[in-house]
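Novice: Take this structure, written in structure tokens, and hold onto it; I'll ask about it next.
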């Protein structure tokens, strides 16, 4: 089925970031025509090095998601839009909600309005997040679990997902939402911990520094290697069966944050860790155990993770050892 | 308990509208110091005639909810904020989402930020809506029913409610949300049907015009008379037991839209009705039967509706007969 991507016209918002660039590389391999839309904002995930292998084979549009004129040009004539752009800092969103609202509400609506006007039947795959569930009432979490967001970012991610499904009705968009869990792997930004700690921990280990874990580190997390997540984007993008659906991703092998950190240190061959008390602001947004039930996407689309945590971490560590200078000083 | 409102400092956003003005009149009776904050935007619910009985006893601030400077002044030193302001047109919100986002997202966040900065422990009663539930999966609907919004307005009302509860954690706000059903009574705007049809139907009957009902009119609705709704605001505002809670209101006597219209025509002594086919845009946002389970507020706060539909409609019709010229031409 992925062969159908050949000559497909694809737009990726957030195309120079972690998910976007890895997806773009795969799409170029599959013969798609790819445009990457990215603001390249400071401290965001966009990084031109991410697309070094395909630099000459993709079109890049540097613009904000709130830029209606640029977006309308970008969405026009596309077959599929992978809508990945967004701020994704829990803490920033409660310190200053406006930045989050700008991208994750205004930006997302600008995209949907651009589609309504310039490409009302396009397929969109929206990058949702496990944060939409908040603290879990039942583990593992299914897609119909109540949404109890703990921060402004999570509220806005829910809204944007709901906007998509409303625009699906208003025009004839075909929409899928993938609610992503913790994803790790090559091409993540490594400058700060705001977009999830798992990748930053790898940096700390490689720099032989101390990893601070809040609390006991016993909360379960469900990590997916980037290639598995990209596979899910590709499957949901091309398969009409996915239209109108929401899918969780998951690993099938949840692990405590503490054990994850120990594994990172072991595989990196450097680094150490220390348990430290929760900061008040981190505690406020901590969700406790997160384990996803991904049976829906497994049964409907045949997706399941292929890369074990050990394998994935080894590939990730190798990548950053080799390319460290492009990701941090 | 309502005696505790004496000398309390109260802010009502949307204070010149339907809910706001009726609430203000009651609060002034109870001896509260009331400030009304309203944009008085054209086609919105604000109407200075609404507060004629208390014009000299309240402070009015004419400003938009997005006006951070004015809001900060307004929230300062208040004991309770009744946060009622908002656009509430389902159809407008999907025709042009920006107007809705301006008030119901940006405006609401501006209010919460103002509280964080100038009055972080204030109590806020948020006016939510039945629209947050969308099409009901179980009838009657309890507060933990999934939220399946059908339009941008409903998405934004959910977001704003969730923002409130997040700010409750960030600072020490005390927050209650009332999810209102269809409310009718004196002081509603009567110029258009965008904010619910029930009041506009009364205008049509009084003008001896034909009321158009989409479809068969068999969908159930749950109407509350304004005084009962105001009582719920007053109880939740003053009772600490309501803090952090979400409450449905309801009538206990659901009625089909068709029977409601027949009753309006009968009590008005004029008007007629016709069943017409659904318009595509109305059909898209129609939720079907809506019946609320309001046992939670009944058990926890002792609220229940006191005014029957017949009594309420009679009072409403009398009011508009007498004051028609202040509401429509």
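Chains as they are written, first to last, in our numbering: chain A, 1 to 329; chain B, 330 to 658. Virtual Cβ for every residue (Gly too), placed ideally from N, Cα, C. It should be emphasised that the depicted structure is a prediction, and the values quoted were computed from it without experimental measurement.
(1) Could you name the residues of the segment 152–170 of chain A whose beta carbon sits closer than 8 angstroms to any beta carbon of chain B, in the order they occur along the chain?
(2) Residue 10 (chain A) by DSSP, collapsed to three states: which one?
(3) Report the residue ranges of all alpha helix (DSSP H) runs contained in full by the segment 233–291 of chain A; include only those spanning at least 4 residues, in chain order.
(4) Quick check: is the beta carbon of residue 173 (chain A) nearer than 8 angstroms to any beta carbon in chain B?
(5) Could you tell me whether any Cβ in chain A is nearer than 8 angstroms to the Cβ of residue 449 (chain B)?
(6) Using a Cβ-Cβ cutoff of 8 angstroms, what residues of the segment 79–98 of chain A are near chain B? List them in chain order.
(7) From residue 282 (chain A) to residue 262 (chain A), what does the alpha carbon distance come to, in whole angstroms?
(8) In the segment 57–125 of chain A, which residue ranges form an unbroken beta strand (DSSP E) of at least 3 residues, counting only runs that do not cross its ends?
(9) Rounded to whole angstroms, what's the CA-CA distance from residue 350 (chain B) to residue 533 (chain B)? Just pull it up for me.
(10) Under 7 angstroms Cβ to Cβ from residue 70 (chain A), same chain only, skipping five residues before and after it: list those, please.
(11) List the residues that DSSP assigns as beta-bridge partners of residue 205 (chain A).
(12) Cβ atoms of residue 233 (chain A) and residue 23 (chain A): under 8 angstroms apart, would you say?
(13) Can you look up residue 21 (chain A) in the DSSP assignment and give me helix, strand or coil?
(14) At the level of alpha carbons, what is the spacing between residue 10 (chain A) and residue 299 (chain A)?
(15) Entirely within the segment 500–557 of chain B and at least 3 residues each: give me those beta strand (DSSP E) ranges in chain order.
(16) Express the C-alpha separation of residue 218 (chain A) and residue 291 (chain A) in angstroms, rounding to a whole number.
(17) With burial defined as no fewer than 16 other Cβ atoms inside 10 Å of the residue's Cβ, what is the status of residue 392 (chain A): buried or exposed?
(18) Would a check of beta-carbon distances place residue 109 (chain A) closer than 8 angstroms to chain B?
(19) Please state the DSSP three-state secondary structure of residue 156 (chain A).
(20) Which bits of chain B does residue 101 (chain A) rub up against, with CB to CB less than 8 angstroms?
(21) Measure the alpha-carbon distance for residue 395 (chain A) versus residue 520 (chain B) and round it to whole angstroms.
(22) How about residue 613 (chain B): is its C-beta nearer than 8 angstroms to some C-beta of chain A?
(23) For residue 309 (chain A), report the span of its beta strand (DSSP E) as first-last.
(24) Is residue 595 (chain B) buried or exposed, if buried means 16 or more other CB atoms sit within 10 Å of its CB?
(25) State the Cα-Cα distance for the pair residue 498 (chain B) and residue 286 (chain A), rounded to the nearest angstrom.
(26) Does DSSP classify residue 365 (chain B) as helix, strand or coil?
(27) Taking a contact to mean a Cβ-Cβ separation below 8 angstroms, would you say residue 65 (chain A) touches residue 16 (chain A) in this structure?
(28) For residue 434 (chain B) and residue 544 (chain B), what's the separation of their Cα atoms in angstroms?
(29) Return yes when the Cβ of residue 356 (chain B) is within less than 8 angstroms of the Cβ of residue 363 (chain B), no when it is not.
(30) Looking only at its chain, what residues have a beta carbon closer than 8 angstroms to the beta carbon of residue 107 (chain A), apart from the 5 residues adjacent to it on each side?
(31) Per DSSP, what are the beta-bridge partners of residue 458 (chain B) in this structure?
(32) Short of 7 angstroms in beta carbon distance, which residues of its chain neighbour residue 139 (chain A), apart from the five on each side in sequence? Order them along the chain.
(33) Any C-beta of chain B sitting closer than 8 angstroms to the C-beta of residue 146 (chain A)?
(34) Rounded to whole angstroms, what is the Cα-Cα separation between residue 59 (chain A) and residue 153 (chain A)?
(35) Check whether the Cβ atoms of residue 459 (chain B) and residue 509 (chain B) lie closer than 8 angstroms to each other.
Specialist: The short version:
(1) 152, 155, 156, 158, 159, 162, 163, 166, 169, 170
(2) Residue 10 (chain A) sits at position 10 when you count from the first residue of the first chain. The answer is strand: DSSP assigns residue 10 (chain A) an E or B state.
(3) 257–268, 280–285
(4) Here residue 173 (chain A) corresponds to residue number 173 of the first chain, with the count starting at 1. So no, residue 173 (chain A) is outside the interface.
(5) Locating residue 449 (chain B) in the second chain gives position 120, counting from the first residue. Chain A, which has no Cβ nearer than 8 angstroms to the Cβ of residue 449 (chain B), makes this no.
(6) 94, 97, 98
(7) For the purposes of this step, residue 282 (chain A) is taken as the residue at position 282 of the first chain. For the purposes of this step, residue 262 (chain A) is taken as the residue at position 262 of the first chain. Spanning the two alpha carbons is a distance of roughly 21 angstroms.
(8) 58–62, 80–83
(9) Within the second chain, the letter at position 21 stands for residue 350 (chain B). Within the second chain, the letter at position 204 stands for residue 533 (chain B). So the two alpha carbons sit approximately 23 angstroms from each other.
(10) Here residue 70 (chain A) refers to the residue found at position 70 when the first chain is read from its first residue. Counting only Cβ-Cβ distances below 7 angstroms, and skipping sequence neighbours, we find 61, 63.
(11) Locating residue 205 (chain A) in the first chain gives position 205, where the first residue counts as 1. Its beta-bridge partners do not exist; DSSP assigns none.
(12) As a position in the first chain, residue 23 (chain A) is number 23, starting the count at 1. As a position in the first chain, residue 233 (chain A) is number 233, starting the count at 1. The answer is yes: Cβ separation under 8 angstroms.
(13) Locating residue 21 (chain A) in the first chain gives position 21, where the first residue counts as 1. Reduced to three states, the DSSP call for residue 21 (chain A) is helix.
(14) Along the first chain, one-based indexing puts residue 10 (chain A) at 10. Along the first chain, one-based indexing puts residue 299 (chain A) at 299. The alpha-carbon atoms of residue 10 (chain A) and residue 299 (chain A) are separated by roughly 26 angstroms.
(15) 503–509, 511–513, 539–543, 552–554
(16) For the purposes of this step, residue 291 (chain A) is taken as the residue at position 291 of the first chain. For the purposes of this step, residue 218 (chain A) is taken as the residue at position 218 of the first chain. Rounded to whole angstroms, residue 291 (chain A) to residue 218 (chain A) spans 13 angstroms at the Cα level.
(17) Summary: the structure shown does not reach residue 392 (chain A), with chain A confined to residues 1 through 329, and so no result is reported for it.
(18) Looking up residue 109 (chain A) in the first chain gives position 109. For residue 109 (chain A), the answer is yes, since a Cβ of chain B falls inside 8 angstroms of its Cβ.
(19) As a first step, residue 156 (chain A) is located in the first chain; it is residue number 156 there, counting from the start. Looking at residue 156 (chain A) - three-state DSSP - the assignment turns out to be helix.
(20) The residue given as residue 101 (chain A) occupies position 101 in the first chain. Residues of chain B passing the Cβ test: 434, 435, 438.
(21) Outside the shown range of chain A, which is 1 to 329, sits residue 395 (chain A), and nothing can be said about it.
(22) Locating residue 613 (chain B) in the second chain gives position 284, where the first residue counts as 1. Yes, residue 613 (chain B) lies at the interface with chain A (some Cβ there is under 8 angstroms from its Cβ).
(23) On the first chain, residue 309 (chain A) is found 309 positions in, with the first residue counted as 1. That residue, residue 309 (chain A), is in no beta strand (DSSP E); its alpha helix (DSSP H) goes 309–323.
(24) If you number the second chain from 1, residue 595 (chain B) lands on position 266. Residue 595 (chain B) comes out exposed.
(25) Sequence index remark: in the second chain, residue 498 (chain B) carries index 169 (1-based). Sequence index remark: in the first chain, residue 286 (chain A) carries index 286 (1-based). Rounded to the nearest angstrom, the two C-alpha atoms are 13 angstroms apart.
(26) Here the question's residue 365 (chain B) lines up with position 36 in the second chain. The answer is strand: DSSP assigns residue 365 (chain B) an E or B state.
(27) Walking along the first chain from the start, residue 65 (chain A) turns up at place 65. Walking along the first chain from the start, residue 16 (chain A) turns up at place 16. It is not a contact, given that the beta carbons lie outside the stated cut-off.
(28) As a first step, residue 434 (chain B) is located in the second chain; it is residue number 105 there, counting from the start. As a first step, residue 544 (chain B) is located in the second chain; it is residue number 215 there, counting from the start. Those two C-alpha atoms are separated by around 33 angstroms.
(29) Along the second chain, read from residue 1 onward, the residue named residue 363 (chain B) stands at position 34. Along the second chain, read from residue 1 onward, the residue named residue 356 (chain B) stands at position 27. In this structure, residue 356 (chain B) lies closer than 8 angstroms to residue 363 (chain B) by Cβ.
(30) The residue labelled residue 107 (chain A) in the question sits at position 107 within the first chain. Closer than 8 angstroms at Cβ, skipping near neighbours: 64, 65, 66, 85, 86.
(31) Locating residue 458 (chain B) in the second chain gives position 129, where the first residue counts as 1. Paired residue(s): B:509.
(32) Residue 139 (chain A) sits at position 139 when you count from the first residue of the first chain. Cβ within range, chain order: 289, 291.
(33) In the first chain, the residue the question calls residue 146 (chain A) occupies position 146. With 8 angstroms as the cut-off, residue 146 (chain A) counts as an interface residue toward chain B.
(34) By 1-based counting over the first chain, the position of residue 59 (chain A) is 59. By 1-based counting over the first chain, the position of residue 153 (chain A) is 153. About 29 angstroms.
(35) By 1-based counting over the second chain, the position of residue 459 (chain B) is 130. By 1-based counting over the second chain, the position of residue 509 (chain B) is 180. Yes. Within cutoff.
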